[in-house]
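Working notes for the structure below.
Numbering (UniProt numbering), first residue to last: 1 to 84.
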């Protein structure tokens, strides 16, 4: 396991990403009380399968047909939706 500062990580990101790709554990220390573990994300963790994608689309279409929609007619409506 390697523990580095946030500045060291910023200055040498490629080096540390390459180490992570080789299954090395990298911890980035930020200040005195915060640290972050960097891990590689597998491709299948970032993408929906085709079946999941179509299931999500079909679910959304059914909700739309049931009237479970929010109409956005103005920027104020959009801000309200986002809770701003």
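Even for Gly, the Cβ is constructed at its ideal location relative to N, Cα and C. Given the structure is predicted, the values throughout are model-derived calculations rather than measurements.
Worksheet item: Can residue 19 and residue 26 be called in contact, C-beta distance under 8 Å?
Response: yes
Worksheet item: Quick one: what's residue 36 bridged to in DSSP?
Response: 28
Discussion item. Tell me the residue span of the beta strand (DSSP E) that contains residue 2.
Written reply: 2-5
Worksheet item: Can you give the beta carbon distance from residue 81 to residue 69, rounded, assuming they're within the 8 Å contact cut?
Response: Not really, about 11 Å apart at Cβ, beyond 8 Å.
Fill in: Burial state of residue 53, where buried means 16 or more other Cβ atoms lie within 10 Å
exposed
Practice prompt. Determine the direct distance from the alpha carbon of residue 39 to that of residue 64, and round the result to whole angstroms.
Written response: Their backbone Cα atoms lie some 38 Å apart in a straight line.
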